[in-house]
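S.K.:
Chains as they are written, first to last, in the UniProt record's numbering: chain A, 1 to 429; chain B, 1 to 520.
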């Protein structure tokens, strides 16, 4: 086994060269054109292009009006992050739940409930933020554990348990708040949602006369570094896969995809640099996304969750403790719902009985638009995030168009249906 | 004799694969026609072309049915023409009654209101025809697989079938049920029903078939006629695999060593019938380098025994002791059983064994993820190397290890499943029907592998419904009936007759016990 280990480990500079030459071979060995590859992996790229197309659509339609609005203005991009952070954060947990073959309908109510608890603790009982936040996360974990217990160990369908949870925690939210709104919060709690990363790097860079107003250097540099990192990590994974004879994207598609993503990142960084910099929620979101992508794709725990969703009985007979893992996915979901609940509450600067209403649907829709299978066993974090952004961009764009909530719901519903139909069609083809 | 069905020059290509290459088959009115071929030879594809699953235009060649050219656009068309396929996986609704299943989608109804009287009367007639003595109102889920098979045939007959196609009809049946089914086929033939039977069991083919078409690698190899005395098992096998198979079972020098695993006083209750023990005080042992067989009819409790030992995966209120290598071990959960050096290879590889949507590489590593990871982080390079190594060692025939398991043939799937459990480095393997539903060539390879495992000093327990296979492979055979071990035979003394007589004796004893209980 030792030799095996070495070949697969990190590529030295010399080996990189070998990988490079083999790329060409891999391509011809695959013998497939870029178009054919795209066609077979339509789903993966379809979502990315759908997101791109939706953004461009709103840019065009809002920009061409009589009194044009810049859809991609720094303010609006910042807004997009602030508005969608909690959906994305919950989508990370929901992906795990759905991959494991379950569903969680209670996340909206749980978010509202923990938001209310946070308000109670900080505003009414004057708890400091550093104590209230972990306490709320613990409450979320407890709620997740309570629901997960019935689902995992008593085999009660998750749909039923979390439907009950949805009602119970909405009711408890009303009870805690007694029908009032509790707020406002002290600034350190508000920063959960409205904070920005200070421009630490900007301080080190001397004023440049070329700029009318100094941009937020941190935002720009972080975006450029992230873009480079994505390309480098992609290249390494690609050459490793080639080395092991896996099918990889054709060269052209690889570069096109990565350059589009990198360019989009730098563009967003540039725009954010022109406003108040990187919102802290964007940072927590990005960190969580990377962690969850890593857990799902590269750890034994992640692999086991896919296995129980793919074939529960086979997973059990392979020595996987399916009950405990199912339980843990719900605990995890509870924690993320609590985090999202606090962010929403901080953003509204008040805990309200109606907070989080319908969130579960946005979150679940994001995961399914992102390509997860209803029956479990498949779906990716990247997909769920793109799915969440598709929903978020549509929400934001339609509101800016001045569309009524009625039309918005109809269109969102149809987009969800279309995405899943597209999935099924692709699969049956 | 007139020709009922003629498929001429049928070719069908999938991207990158030529599944059928100019296949020709001719079925005469009123005959039983067998189609034989290894898994992956193209039998299923051919049947899908015939039934319209692959519609007219998606293949080359001509189908003539009952005198005219058939251009089926879907199953509906072929069924309307009188062609009915009964698949290996039965398509019955367990919670509905026999009558409801038979007329499902074809209800005896007036203006949408079901005419139950006619439904039940017709059902009774059909059940009589297939020799099934059950009330039409019995839920199908309450019937055994053999009887469900008969319901399927009754359902086919209800549709005025002209050509009945049975895909591996006896694969899941025990010996007596298989015999009954074959008798029924012969009887239906006497009544003028034409049928095609696809089967791996060559003794059955020899028994019922008038003619046999052998397919290999997507092409017709030969057409053998029973009435010309051309059908023999050796001949069919030769045509199927393209070479002579001198021995069905590979040779092995038998050198059993010391006792490796010992099970004592094993008892368990059925999860739904908790009133008495389903597994009754079972004791057995396996030696190093030994292949031990477990013979018994379906329902005798063989799978239940294996699964209850393997991490209590079946049963309630399980008692008994297991020792491996002279030390008592805890096998109360699957991870503990695996750690103790025990592995169980399920009989139902699709439902219990594999994750069909996942590639080979992920299936092979599943039972031993720590073996391909460090600190909980997967080392994909190592994982791929492991899978690639097993692909070579087990001769899994795929271009690479990234193929989804659902696209593999039965034999290859079985090898993936075996690889998965071998990667846990077991000392004792319990193989439950390891050759079910796989072709002759793959069977031979599995047998070879079992010998290799024994030669490495492991203990192998083989559960099988096919007695010749047990007799050909095992050093010792335990006979199981009614949840108990009722006899133990050495390779030298074992025979099909002896095994059957042990089973029959136990059945009679149990019947007597039950009668006495009923009267007392």
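Heads up, the beta-carbon is just placed ideally off N, CA and C, and yes, glycines get one too.
Note that this is a predicted model, so its numbers are computed, not measured.
Would you mind reading off the limits of the beta strand (DSSP E) that contains residue 8 of chain B?
M.R.: Counted from its first residue, the second chain places residue 8 of chain B at position 8. Start and end: 3-14.
S.K.: Leaving out the 5 sequence neighbours to the left and right, which residues in its chain are closer than 7 angstroms to residue 309 of chain A when beta-carbon positions are compared?
M.R.: Numbered from 1 along the first chain, position 309 holds the residue referred to as residue 309 of chain A. If you ignore the 5 residues before and after residue 309 of chain A, its C-beta comes within less than 7 angstroms of the C-beta of 99, 100, 101, 376 and 377, all in its own chain and listed in chain order.
S.K.: Near residue 302 of chain A, which residues of its chain fall below 7 angstroms by C-beta distance, leaving aside the five closest residues on each side in sequence?
M.R.: Sequence index remark: in the first chain, residue 302 of chain A carries index 302 (1-based). These residues qualify, in order along the chain: 295 and 296.
S.K.: Compare the beta carbon distance of residue 151 of chain B and residue 114 of chain B with 8 angstroms and say whether it is the shorter of the two.
M.R.: Locating residue 151 of chain B in the second chain gives position 151, counting from the first residue. Locating residue 114 of chain B in the second chain gives position 114, counting from the first residue. No.
S.K.: Counting only beta-carbon atoms, is residue 381 of chain A nearer than 8 angstroms to chain B?
M.R.: As a first step, residue 381 of chain A is located in the first chain; it is residue number 381 there, counting from the start. So, not an interface residue.
S.K.: Go through the segment 173-208 of chain A residue by residue and report every complete run of the alpha helix (DSSP H) that reaches 4 residues or more, in order.
M.R.: 187-194 and 200-204
S.K.: Taking its Cβ as the centre, do 16 or more other Cβ atoms sit within 10 Å of residue 184 of chain A, making it buried, or is it exposed?
M.R.: The residue you call residue 184 of chain A lines up with position 184 of the first chain. In summary, residue 184 of chain A is exposed, with fewer than 16 beta-carbon neighbours lying within 10 Å of its beta-carbon over all protein chains present.
S.K.: Would you call the segment 172-182 of chain A in contact with the segment 322-339 of chain A, where contact means no fewer than 3 C-beta pairs closer than 8 angstroms?
M.R.: Touching, no.
S.K.: Is the beta carbon of residue 115 of chain A less than 8 angstroms from the beta carbon of residue 342 of chain A?
M.R.: Here residue 115 of chain A is taken as the residue at index 115 of the first chain, counted from 1. Here residue 342 of chain A is taken as the residue at index 342 of the first chain, counted from 1. In this structure, residue 342 of chain A lies closer than 8 angstroms to residue 115 of chain A by Cβ.
S.K.: Are there 16 or more other CB atoms within 10 angstroms of the CB of residue 240 of chain B, so buried, or fewer, so exposed?
M.R.: Taking the first residue of the second chain as position 1, residue 240 of chain B is located at position 240. It is buried - the Cβ of residue 240 of chain B has at least 16 other Cβ atoms within 10 Å.
S.K.: Using the beta-carbon of each residue, which ones in chain A are nearer than 7 angstroms to residue 12 of chain B?
M.R.: Residue numbering aside, residue 12 of chain B sits at position 12 when the second chain is read from its first letter. Within 7 angstroms Cβ-Cβ: nothing; residue 12 of chain B doesn't reach chain A, min ~17 angstroms.
S.K.: Is residue 46 of chain B close to chain A? Criterion is C-beta to C-beta, closer than 8 angstroms.
M.R.: What you label residue 46 of chain B is simply residue 46 of the second chain in a count that begins at 1. Not an interface residue.
S.K.: Strictly under 8 angstroms for the Cβ-Cβ distance: is residue 390 of chain B near chain A by that measure?
M.R.: Position 390 of the second chain holds residue 390 of chain B. No, because no Cβ of chain A sits closer than 8 angstroms to the Cβ of residue 390 of chain B.
S.K.: In angstroms with no decimal places, state the Cα-to-Cα distance between residue 194 of chain A and residue 380 of chain B.
M.R.: Position 194 of the first chain, counting from 1, holds the residue named residue 194 of chain A. Position 380 of the second chain, counting from 1, holds the residue named residue 380 of chain B. Straight-line Cα distance between these residues: approximately 40 angstroms.
S.K.: Compare the C-beta of residue 244 of chain A with all C-beta atoms of chain B and state if any pair is closer than 8 angstroms.
M.R.: Taking the first chain and counting its residues from 1, one reaches residue 244 of chain A at position 244. Yes - at least one Cβ of chain B is within 8 angstroms of the one on residue 244 of chain A.
S.K.: With a CB to CB cut of under 6 angstroms and the five nearest residues on each side skipped, what residues in its chain are close to residue 477 of chain B?
M.R.: The count along the second chain starts at 1 and reaches residue 477 of chain B at position 477. Correct list, in chain order: 293, 295, 470, 489 and 494.
S.K.: Using a C-beta cutoff of 8 angstroms, does residue 298 of chain A count as contacting chain B?
M.R.: Counting from 1 along the first chain, the entry for residue 298 of chain A is found at position 298. Yes, residue 298 of chain A counts as interfacial toward chain B.
S.K.: Please list the residues of the segment 347-361 of chain B that have a C-beta atom closer than 8 angstroms to any C-beta atom in chain A, keeping them in chain order.
M.R.: 351, 352, 353, 354, 355, 356, 357 and 358
S.K.: Express the C-alpha separation of residue 97 of chain A and residue 389 of chain A in angstroms, rounding to a whole number.
M.R.: Against the first chain, residue 389 of chain A aligns to sequence position 389. Against the first chain, residue 97 of chain A aligns to sequence position 97. Distance between the alpha carbons of residue 389 of chain A and residue 97 of chain A is about 20 angstroms.
S.K.: Anyone know if the C-beta pair for residue 394 of chain B and residue 431 of chain B falls short of 8 angstroms?
M.R.: Position 394 of the second chain, counted from the first residue, corresponds to residue 394 of chain B. Position 431 of the second chain, counted from the first residue, corresponds to residue 431 of chain B. No, the Cβ-Cβ distance between residue 394 of chain B and residue 431 of chain B is not below 8 angstroms.
S.K.: Could you tell me the distance, in whole angstroms, from the CA atom of residue 41 of chain B to the CA atom of residue 219 of chain B?
M.R.: Your numbering for residue 41 of chain B matches position 41 in the second chain. Your numbering for residue 219 of chain B matches position 219 in the second chain. Looking at the two C-alpha atoms, the distance is approximately 8 angstroms.
S.K.: When the Cα of residue 81 of chain A is compared with those of A:66, A:318, A:426 and A:386, which residue comes out closest?
M.R.: Within the first chain, residue 81 of chain A is the residue found at index 81, counting from 1. The option with the nearest alpha carbon to residue 81 of chain A is A:386.
S.K.: With DSSP as the reference, identify every bridge partner of residue 432 of chain B, one or two as the case may be.
M.R.: Mapped onto the second chain, residue 432 of chain B falls at position 432. Partner(s): B:463.
S.K.: Between B:228, B:248 and B:227, which lies nearest to residue 237 of chain B when the distance is taken from Cα to Cα?
M.R.: Taking the second chain and counting its residues from 1, one reaches residue 237 of chain B at position 237. Among B:228, B:248 and B:227, the Cα nearest to that of residue 237 of chain B is on B:248.
S.K.: Tell me which residues share the same chain as residue 43 of chain B and place their Cβ nearer than 7 angstroms to its Cβ, disregarding the 5 neighbours each side in the sequence.
M.R.: The residue given as residue 43 of chain B occupies position 43 in the second chain. Within the same chain, residue 43 of chain B has close Cβ partners 35, 37, 198 and 215.
S.K.: For residue 232 of chain B, tell me which candidate among B:271, B:85, B:166 and B:203 has the shortest Cα-Cα distance.
M.R.: Along the second chain, read from residue 1 onward, the residue named residue 232 of chain B stands at position 232. The shortest C-alpha separation from residue 232 of chain B is found at B:203.
S.K.: Quick one: does residue 310 of chain A have its CB under 8 angstroms from some CB of chain B?
M.R.: Sequence index remark: in the first chain, residue 310 of chain A carries index 310 (1-based). It does; some Cβ of chain B falls within 8 angstroms.
S.K.: Mind listing the chain A neighbours of residue 369 of chain B? Cutoff is C-beta to C-beta under 8 angstroms, in chain order.
M.R.: Position 369 of the second chain holds residue 369 of chain B. Those within 8 angstroms of residue 369 of chain B in chain A are 300, 303 and 304.
S.K.: Between which two residues does the alpha helix (DSSP H) harbouring residue 123 of chain A extend?
M.R.: Position 123 of the first chain, counted from the start, is the residue given in the question as residue 123 of chain A. Looking at the DSSP string, residue 123 of chain A is not in any alpha helix (DSSP H), and its letter there is neither H nor E.
S.K.: Which residues of chain B have a Cβ atom closer than 9 angstroms to the Cβ of residue 247 of chain A, listed in chain order?
M.R.: As a first step, residue 247 of chain A must be located in the first chain, where it is residue number 247. Within chain B, the residues near residue 247 of chain A are 400 and 402.
S.K.: What are the residues in the segment 311-325 of chain A lying within 9 angstroms of chain B by C-beta distance?
M.R.: 311, 313, 314, 315, 316, 317, 318, 319, 320 and 321
S.K.: Any C-beta of chain A within less than 7 angstroms: which residues of the segment 306-325 of chain B qualify?
M.R.: 313
S.K.: Closest to residue 479 of chain B by C-alpha separation, out of B:460, B:505 and B:345, would be which residue?
M.R.: Position 479 of the second chain, counted from the first residue, corresponds to residue 479 of chain B. Put simply, of B:460, B:505 and B:345 the residue whose alpha carbon is nearest the alpha carbon of residue 479 of chain B is B:505.
S.K.: Thinking C-beta only, is residue 30 of chain B closer than 8 angstroms to residue 189 of chain B?
M.R.: In the second chain, counting from the first residue as 1, residue 189 of chain B sits at position 189. In the second chain, counting from the first residue as 1, residue 30 of chain B sits at position 30. In this structure, residue 189 of chain B places its C-beta atom within 8 angstroms of the C-beta atom of residue 30 of chain B.
S.K.: May I ask you to list, following chain order, the residues of the segment 273-284 of chain A that have a beta carbon less than 8 angstroms from some beta carbon of chain B?
M.R.: none
S.K.: Tell me whether residue 397 of chain A is buried or exposed, calling it buried when 16 or more other Cβ atoms sit within 10 Å of its Cβ.
M.R.: Residue numbering aside, residue 397 of chain A sits at position 397 when the first chain is read from its first letter. By the neighbour-count rule (16 or more Cβ atoms within 10 Å), residue 397 of chain A is buried.
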